[in-house]
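2 protein chains.
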Amino acid sequence: MNGKQISENVISRLPKYYRYLQELDSRKITRVSSKTISQALNITASQVRQDLSNFGGFGQQGYGYDTDYLKARIREILGLNDNHNAIIIGGGRIGQALANYKGFENENVYVRAVFDIETSHVKNVNNIEVLNMLELDNYIKTHKVDVAIISVQKEQAKTVAERVVNLGVTAIWNFAPIDLNFEGRAVCENINMSESLMRLIYKSKKNK
Amino acid sequence: MNGKQISENVISRLPKYYRYLQELDSRKITRVSSKTISQALNITASQVRQDLSNFGGFGQQGYGYDTDYLKARIREILGLNDNHNAIIIGGGRIGQALANYKGFENENVYVRAVFDIETSHVKNVNNIEVLNMLELDNYIKTHKVDVAIISVQKEQAKTVAERVVNLGVTAIWNFAPIDLNFEGRAVCENINMSESLMRLIYKSKKNK
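So the protein sequences, as listed, match chains V and P.
Numbers given in this note's numbering equal positions in the first sequence, counted from 1, plus 24.
Numbers given in this note's numbering equal positions in the second sequence, counted from 1, plus 24.
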């Protein structure tokens, strides 16, 4: 990144702005006010203005923001213009679902291979190459792998993630129910469905 | 809940404690210090002590916490002792993966039916009943449905979730790429994979 540092909190909201701008785009809306964004995303209008000012998105009084410009800037900042090669490690139900989920291509993320210890069990993966775990190290050494998606069992997740990070993969997207962290060596996002479900159950109980 | 109100932030950490205590349990560990918990979960030890004191989990100097007691208390607070019936709406890849994910049974959440507009497309759902969307309203009126899992396309998500909330379902677990909110009428947890992927891509780009 050139220019000033953007805070983690702002970053965490950028995907929400981006998604909303995509929605406006599909509705052919080309201008939007901070107030409208604020209401749609449940963020205060002043926070919206402050966030968007971080990357030169200055709304004009009585005019609002140019949605095309904002979307292009956020896309650029998020790095969504570059292509990213991903591999899925663990071809069980979650791995197969992820292999089939075309939504990632909106973010220019392409799943190139699915690895599993038992390749014959991996079905319906959308013509994506299925490889044995024994080939993992060699594959990473010989291909550009930007993102490793971890969908193995909890017990194997840490070991297998360490293995790919040691081989030079710098982004881990983890679906195993364990928080992974590779401070300084790789970035990681954990999707923890079990924790989300527990929060839901708790909130639902409290609400009754 | 009887007794004092537990803050949202504490609640959001409870599933992490719970998961860690399960892990200790599987390793036959019966006592644990706040320091050990702190290191495992990347939460400061003083925060751990403060969080756990909220529900009568008082560690003893030189002894630590009784893991069985803590686990049982957190399980109770989170409402995990009660059985919860869930239905999945949308039997595409994500819906099918969720129907097959046995992990939810740890939280006593049982998927009882999968709804889709085209039932013949819904396969491999672990002997769970597959029903046509036309039967949804009647099903909810005649069965106890605690959680509706939304895994339809983004465009349908809001409408279908509104429909089940209007029928009295009070907990929505949403996997469609749109944030749902039913302020006061139902609780909701959104699993937004696309936003997580965008954050990952951004952090990875920044790290290079």
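Backbone N, C-alpha and C define an ideal beta-carbon position, used for all residues, glycine too.
Quick caveat: nothing in here was measured; it's all calculated off a predicted structure.
Cα-Cα separation between residue i and residue j, rounded to whole angstroms
i	j	result
alanine 185 of chain V	alanine 137 of chain V	16 angstroms
leucine 102 of chain V	valine 34 of chain V	11 angstroms
alanine 64 of chain P	lysine 40 of chain P	10 angstroms
valine 56 of chain V	serine 220 of chain V	32 angstroms
isoleucine 215 of chain P	asparagine 216 of chain V	9 angstroms
threonine 60 of chain P	serine 77 of chain P	16 angstroms
methionine 25 of chain V	threonine 54 of chain V	Bear in mind that a pLDDT of 40 at methionine 25 of chain V, under 50, signals an unreliable position, so the model cannot answer this.
glutamate 207 of chain V	valine 171 of chain P	36 angstroms
glutamate 159 of chain P	asparagine 150 of chain P	20 angstroms
alanine 69 of chain P	serine 62 of chain P	5 angstroms
glutamate 179 of chain V	serine 58 of chain V	46 angstroms
histidine 167 of chain V	isoleucine 30 of chain P	49 angstroms
glutamate 47 of chain P	valine 188 of chain V	24 angstroms
asparagine 148 of chain V	glutamate 213 of chain V	25 angstroms
leucine 191 of chain P	arginine 209 of chain P	11 angstroms
threonine 183 of chain V	isoleucine 202 of chain V	12 angstroms
glutamate 32 of chain V	aspartate 161 of chain P	43 angstroms
glycine 127 of chain P	asparagine 107 of chain P	14 angstroms
tyrosine 42 of chain V	lysine 230 of chain V	33 angstroms
arginine 51 of chain P	tyrosine 89 of chain P	16 angstroms
leucine 87 of chain P	lysine 232 of chain V	With the sequence shown as reference, residue 87 of chain P is identified as tyrosine, and leucine is not the correct amino acid for it. Answer to the nearest angstrom: the Cα atoms are 37 angstroms apart.
isoleucine 152 of chain V	threonine 91 of chain V	35 angstroms
Any C-beta of chain P under 8 angstroms from that of residue i
i	result
aspartate 170 of chain V	yes
isoleucine 61 of chain V	no
methionine 157 of chain V	no
glycine 237 of chain V	Not covered by the structure: residue 237 of chain V. The range shown for chain V is 25 to 232.
histidine 108 of chain V	yes
serine 144 of chain V	no
leucine 224 of chain V	yes
arginine 97 of chain V	no
asparagine 218 of chain V	It should be noted that the sequence gives serine, not asparagine, for residue 218 of chain V. True, the Cβ-Cβ gap to chain P drops below 8 angstroms.
Pair within 8 angstroms by beta-carbon distance, residue i and residue j
i	j	result
alanine 123 of chain V	valine 133 of chain V	no
glycine 115 of chain V	valine 72 of chain V	no
valine 211 of chain P	serine 228 of chain V	yes
serine 36 of chain P	arginine 223 of chain V	yes
alanine 195 of chain V	alanine 181 of chain V	no
asparagine 205 of chain V	asparagine 198 of chain P	no
valine 176 of chain P	isoleucine 113 of chain P	yes
valine 193 of chain P	isoleucine 164 of chain P	yes
glutamine 120 of chain V	alanine 121 of chain P	yes
lysine 95 of chain V	aspartate 49 of chain V	yes
isoleucine 225 of chain P	leucine 45 of chain V	no
Cutoff 8 angstroms: residue i Cβ touching any chain V Cβ
i	result
asparagine 231 of chain P	yes
leucine 221 of chain P	yes
valine 184 of chain P	no
glutamate 213 of chain P	yes
lysine 264 of chain P	Because chain P is modelled from 25 through 232, residue 264 of chain P falls outside the range shown and cannot be assessed.
alanine 195 of chain P	yes
arginine 73 of chain P	no
glutamine 120 of chain P	yes
asparagine 205 of chain P	yes
asparagine 66 of chain P	yes
arginine 187 of chain P	no
arginine 117 of chain P	yes
CB-CB length for residue i against residue j, believed under 8 angstroms
i	j	result
arginine 117 of chain P	tyrosine 125 of chain V	6 angstroms
arginine 97 of chain V	phenylalanine 79 of chain V	5 angstroms
threonine 143 of chain P	asparagine 130 of chain P	Actually they are not in contact, since the Cβ atoms of threonine 143 of chain P and asparagine 130 of chain P sit about 28 angstroms apart, beyond 8 angstroms.
valine 169 of chain P	asparagine 109 of chain P	6 angstroms
Residue i beta carbon near the ligand HEM (any heavy atom closer than 7 angstroms)
i	result
aspartate 90 of chain P	Only the bare structure without any ligand can be found here, which leaves the ligand HEM out of the picture.
So if I threshold CB-CB distances at 8 angstroms, which residues from the region 30-50 of chain V count as touching chain P?
When CB distances to chain P are screened at a threshold of 8 angstroms, the residues of the region 30-50 of chain V falling below it are Ile35, Ser36, Leu38, Pro39, Lys40, Tyr42, Arg43, in chain order.
According to a CB-to-CB cut-off of less than 9 angstroms, which residues of the region 124-135 of chain V neighbour chain P?
Answer in chain order: Asn124, Tyr125, Gly127, Phe128, Asn130, Glu131, Asn132, Val133.
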